[in-house]
Structure formats: C-alpha cells, structure tokens
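Student: Sequence lines, in order, name chains A and B.
Numbered according to my numbering, the first sequence terminates at residue 106, and the numbering increases by one at each position without gaps.
Numbered according to my numbering, the second sequence terminates at residue 114, and the numbering increases by one at each position without gaps.
Okay, here's the structure, questions in a sec.
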Amino acid sequence: ETGVTQSPTHLIKTRGQQVTLRCSSQSGHNTVSWYQQALGQGPQFIFQYYREEENGRGNFPPRFSGLQFPNYSSELNVNALELDDSALYLCASSSRDYSYEQYFGPGTRLTVT
Amino acid sequence: QQQVKQSPQSLIVQKGGISIINCAYENTAFDYFPWYQQFPGKGPALLIAIRPDVSEKKEGRFTISFNKSAKQFSLHIMDSQPGDSATYFCAASKQGGSEKLVFGKGTKLTVNP
C-alpha cells in the first residue's frame, strides 16, 4: 500500500505567477483534501474533492482552484500569487466508503518572492 | 473565530514523564476528534482519534480523554521519550470526519533526555 505523495517538494515563484501542485492519494482512497499551513500555524482547509467533484471549500479566494482525476489524484492551482501564499501546502487522502481518517502527504513548500 | 483552542503553545517534559495537551471546541456538531504529530519539514501524521460515544481511547503510550459536556479533549503521552519531540495538533470534524478538519494552533513538545 503506497502512502500519499506530493510534488514538487519545494517551489520558488514570483508574485503574480501561477503554480500547480500535485498529489497522489493513498491506494483505495477516493477523497482528497488540500490544506495550507503557514509557518508556526495549524493547517487551514482549502477545499476537498470527492469522486472528481468539489465537496466543500474553505475561506480561500477563487484564485485557488483544484481538480481531481479519475484515478483520484489531484491538483491545486493558485493564480496571481501573493507573498502571503508562501506556506506548506498539504494534501490529505481519505475514503468515504469505509473510514474518514485523513492521511497527509509530506507537503509542498511554496515560497513567493 | 477560532473553533478549536489548543494549549499550551509549548511544553517541556523530562524523559519518562507525562505530557498533557488540551483542546476545547465550540461547535457541538463536531463528532470526530483526531490528534496529529508533525516533525519539522514533514506532513502531519495521524496518531489517534476519538468519537463522542466514548470518554477515553488508548493506543500504546497515547491516550485521548474526551469530555463532551465541557467540550474538551486532551492527549496524554505516557513515558514521554526524546523521539516524541514534535508539534502536536488537535483537530475536529463533522459528519464522522468526512468533512474538513479544523485544527488547533499546535503544541511544540520537547522531551529532554
């Protein structure tokens, strides 16, 4: 059984640019949730995808968008990057079929300069 | 509005001692309460979780105590070890855990040898 993987590990972007982060869910899981973790803070929920549909969204602007693919992997896209977007981006996979426990990947560290 | 309040912010214990971290929540619709452990540069790892139908759950050296009437829950780490030094997050969710996780701000635990 493979765990949750994310790519890339680190990323440096310039203000105004766009970024795409990727997540592969754990085997057997059909739900992916994305979180933003600022330094020294707890993760903040961005949105969740279940069977390729958005299933809940946190207090983040529309320039944060996502996708889930038929194999349940997912992408997080952020447009018009701002300095405050610098954070660790985490995805968590879970299954709505038998257990709701969310398992996190290692995260992508995004730095916006 | 912080829905999950966690204390203390930092905690130092001696090897072999008991570490206690407390959390309080406001939303009575929460019905799933996990604890996560996070090491620097890593994603949060699920430690243990509890649902409101039980008052205590133990897994190895980790125990969750849950007080539904007070809307509080706590993590006890028995026989604390230097390898337990990490940041611990409590969280809460609705619908059995299928919805977003709402995290506390974290507790940095240091276990001295």
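A virtual CB, placed ideally from N, CA and C, is assigned to each residue, including glycine.
1) Using only the alpha-carbon positions, how far apart do residue 71(B) and residue 37(B) sit?
2) State the DSSP-derived secondary structure class of residue 114(B), mapped to helix, strand or coil.
3) If you measure between the beta carbons of residue 63(B) and residue 51(B), is that distance less than 7 angstroms?
4) Apart from the five residues just before and just after residue 15(B), which ones in its own chain have a Cβ nearer than 7 angstroms to its Cβ?
5) Where do the ends of the beta strand (DSSP E) carrying residue 20(B) lie?
6) Just how far apart, CA to CA, sit residue 107(B) and residue 96(A)?
7) Let me confirm a value: residue 22(A) is counted as buried when at least 16 other C-beta atoms fall within 10 Å, else exposed. Which label applies?
8) Hey, is residue 45(A) close to the ligand GTP, as in C-beta under 6 angstroms from one of its heavy atoms?
9) Report yes or no: do three or more beta-carbon pairs, one from the region 17 to 29 of chain B and one from the region 49 to 65 of chain A, lie closer than 8 angstroms?
10) Chain B beta carbons: is any one of them nearer than 7 angstroms to that of residue 63(A)?
11) Grab me the residues of residue 56(A)'s own chain with a C-beta within less than 8 angstroms of its C-beta, minus the 5 sequence neighbours each way, in chain order.
12) Got a sec: is the Cβ-Cβ distance from residue 69(A) to anything in chain B below 7 angstroms?
13) Output needed for residue 100(B): all residues of its chain with C-beta closer than 6 angstroms, excluding positions within five of it in sequence on either side, in chain order.
14) The beta strand (DSSP E) spanning residue 6(A) covers which residue range?
15) When the cut-off is 7 angstroms and only beta carbons count, does residue 61(B) lie next to chain A?
16) What residues of chain A sit near residue 48(B), judged by a beta carbon separation below 7 angstroms?
17) Is the CB of residue 45(A) under 7 angstroms away from at least one CB in chain B?
18) Is the Cβ-Cβ distance between residue 7(A) and residue 106(A) less than 7 angstroms?
19) Quick one, which residues of the region 16 to 34 of chain B are near chain A if we go by CB-CB under 9 angstroms, in chain order?
Tutor: The relevant details are as follows:
1) So the alpha carbons of these two residues sit roughly 22 angstroms apart.
2) If DSSP states are grouped into helix, strand and coil, residue 114(B) belongs with coil.
3) Contact flag unset, no.
4) Excluding sequence positions up to five before and after residue 15(B), its CB lies within less than 7 angstroms of the CB of 113, all in the same chain and listed in chain order.
5) Residue 20(B): member of the beta strand (DSSP E) spanning 20 to 26, first to last residue.
6) Near 18 angstroms, if we compare the C-alpha coordinates of residue 96(A) and residue 107(B).
7) Buried, by the Cβ-count rule.
8) The ligand GTP is absent from the structure shown, which contains no ligand whatsoever.
9) Fewer than three Cβ pairs drawn from the region 17 to 29 of chain B and the region 49 to 65 of chain A lie within less than 8 angstroms of each other, which leaves the two stretches out of contact.
10) The beta carbon of residue 63(A) does not come within 7 angstroms of any beta carbon belonging to chain B, so the residue lies off that interface.
11) Around residue 56(A), the same chain offers 71, 72 and 73 as residues with beta carbons nearer than 8 angstroms, after the five sequence neighbours per side are excluded.
12) Using a CB distance cut-off of 7 angstroms, residue 69(A) does not count as an interface residue toward chain B.
13) Cβ-Cβ distances below 6 angstroms link residue 100(B) to 94 in the same chain, with the five nearest sequence neighbours on each side left out; the list follows chain order.
14) Run containing residue 6(A): 3 to 6, per the beta strand (DSSP E) assignment.
15) Taking CB atoms only, residue 61(B) has no neighbour in chain A less than 7 angstroms away.
16) Simply none; closest approach about 11 angstroms.
17) No, residue 45(A) does not count as interfacial toward chain B.
18) Residue 7(A) places its beta carbon less than 7 angstroms from that of residue 106(A).
19) So the list reads 33, given in the order they occur along the chain.
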